[in-house]
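Down below is the structure, laid out as structure tokens.
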Amino acid sequence: SLVLVTGATGFTAQHIVDQLLEKKYKVVGTARSQAKADTLLANFSKIHDISNLSLEIVPDIGSSGAFDDILKKYKFDYVIHTASPISLSPVDDLYGFYVKPAVAGCLSILEGVKKFAPSVKNVVVTSSIGTALNFDQADNMDFVHTEDTWNPLDWSDVKSTFQAYAYSKTAAELASRKFVEVNQSELNYTYTSVNPTFIFGPHVFASNLEFASGSSEIFNSIISYPPDKEGPFNDIVSLACDVRDVARLHIEPLSDPEKFHNSRLCVSSGEFSPQTILDVLNSRFPELKGKFPKGNSAEGEKYLQTHGFAADFSKTLKLAGSLTPLEETIYDSAKQFFDFKEKL
Ligand code: NDP
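Each residue of the sequence shown is one higher than the one before, counting from 67 in our numbering.
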């Protein structure tokens, strides 16, 4: 079967491509530039038979009909749409940078497949847990977030880069679900969203650590805290998951589209703070003893009990099976980072 993966150069998408090739799917990926496509192909050629991987260039997912030519050129069985703006750097035009491409990208995929790719059986879109969390209810342990809750953020409330990002994903998912609902009777495909929490985990190619961005950059900055940094280490409290699980959950719906139709797969292996990460470093890397701050593990755990987001994503677990324990995710990502740093 042939799968289109948009944003194939991304941290998460590389795992999706890797797992698809492992499972003997044929893949067409999109990249924003030829240079990025060439690097990706060269990397994959080291670990897979790349006769099953082609790359196409889509410079701007926000432009109208962005994917039409590609959808006409191939006969796809499935589409996985991951490309969406995600950045920690400040931007001037928050709406233009985040919201426009996020919404337009989703709609051009869904419309393009409807018009030009009747062979597609399932479209899986990478959304975000930011669409399901109510940030006003952070630290309220009585408000339980589920696959049925929505972020009520209005554009007029958006003050930060992070809020603009969360808004962009919410607007994109709402617009996508509406499109599917309105056009249901004319669609040959089913729709599934994957809504990850903070995505941690190793990169498919360690060399990408040099340009790590987003959640990977946040993780790497925590594991690089100097040993004399003072706690408490609870300035970030959120939910997290493993990139390999996120990739797997994009692929599971392909073999059973009906089972996953309209589902919203909210991927979380649990809550973390920087203290959680330091605890794993201190317990699992005895050879690096003294190189990280210790903080206070018991205080850190106590803090998590009353802070962050209460959540119950058991619907997802029922559909998708068990997830990697956060400790293993933290260990594997840190191990790759330390090995890579040693090689530099
Ligand atoms: P990456 O930044 O590694 O991947 C993002 C991908 O989208 C890249 O391929 C990037 O291309 C592409 N992209 C970004 N903006 C545009 C644009 N304007 N036009 C075309 N392509 C664009 O991040 P992740 O792998 O973490 O993100 C993948 C998906 O997962 C996104 O949809 C993100 O919203 C979602 N997500 C991520 C979370 C996380 O914690 N990391 C949590 C929840 C959801 P290029 O390589 O050229 O920059």
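Think of the CB as a built atom: it goes at the ideal place given N, C-alpha and C, for glycine as much as any other residue.
Query                                                                                                                                                              : Result
Exposed or buried, A372, counting other C-beta atoms within 10 Å across all chains shown (16 or more means buried)?                                                : It should be pointed out that residue 372 corresponds to Thr in this sequence rather than to Ala. With fewer than 16 Cβ atoms within 10 Å of its Cβ, T372 is classed as exposed.
Just to check, is the beta-carbon of G280 closer than 7 Å to a non-hydrogen atom of the ligand NDP?                                                                : yes
When every heavy atom of the ligand NDP is checked, does at least one fall within less than 7 Å of the C-beta of G76?                                              : yes
Can you check which of these residues, S334, L389, P391, is closest to F379 by C-alpha distance?                                                                   : S334
So within the stretch 310-345, which uninterrupted beta strand (DSSP E) runs reach at least 3 residues, ignoring any that extend past its ends?                    : 330-333, 336-338
To the nearest whole angstrom, what separates the beta carbons of L154 and G280, a pair I think is in contact under 8 Å?                                           : 7 Å
Identify which residue in D84, I302, V169, A204 has its Cα closest to the Cα of Y231.                                                                              : V169
Could you give the distance in angstroms between the alpha-carbon of H114 and the alpha-carbon of M207?                                                            : 46 Å
Could you check which residue in V190, K225, F142 has the C-alpha nearest to that of P156?                                                                         : K225
Considering only their Cβ atoms, is the gap separating D134 from G95 smaller than 8 Å?                                                                             : no
Report the three-state DSSP secondary structure of S120 (helix, strand or coil).                                                                                   : strand
Among the residues of its own chain, which have a CB less than 6 Å from the CB of K381, if the five just before and after it don't count?                          : E213
Among D322, S120, T263, D398, which has the Cα closest to the Cα of A376?                                                                                          : T263
I'd like the ranges of any beta strand (DSSP E) spanning at least 3 consecutive residues and lying wholly in the stretch 166-225.                                  : 188-192
With burial defined as no fewer than 16 other Cβ atoms inside 10 Å of the residue's Cβ, what is the status of I18: buried or exposed?                              : No statement about residue 18 is possible, as the shown extent of the chain runs from 67 to 410 and does not include it.
Return helix, strand or coil for P268, following the three-state DSSP convention.                                                                                  : coil
Can you give me the Cβ contacts of H327 inside the same chain, cut-off strictly under 6 Å, excluding the 5 residues immediately before and after it?               : T256
Here's a check: name, in chain order, each residue in its chain whose Cβ is nearer than 6 Å to the Cβ of A132, leaving out the five neighbours to either side.     : V124, S174
With respect to the alpha helix (DSSP H) encompassing V83, which residues constitute its N-terminal and C-terminal limits?                                         : 77-88
Please identify the residue among Y91, S339, D308, R314 whose C-alpha is closest to the C-alpha of G297.                                                           : S339
So, are the CB atoms of H269 and F77 less than 8 Å apart?                                                                                                          : yes
So, for L199: in the same chain, excluding its five sequence neighbours on each side, which residues have a beta-carbon less than 7 Å away from its beta-carbon?   : H211, N217, F375
In the DSSP assignment, the alpha helix (DSSP H) including K381 goes from what residue to what residue?                                                            : 380-386
Could you check what DSSP says for L70 in three-state terms: helix, strand or coil?                                                                                : strand
Starting from the Cα of R314, find the closest Cα among S67, Q341, Q85 and give me that residue.                                                                   : Q85
Check whether the stretch 179-199 touches the stretch 344-364, counting contact only when three or more Cβ pairs, one atom from each stretch, lie closer than 8 Å. : no
Do A306 and L385 have their C-beta atoms closer together than 8 Å?                                                                                                 : no
Taking the C-alpha atoms as reference points, what is the distance between P319 and G356?                                                                          : 45 Å
Under 7 Å Cβ to Cβ from V93, same chain only, skipping five residues before and after it: list those, please.                                                      : V69, V71, V83, L86, L87, N118, L119
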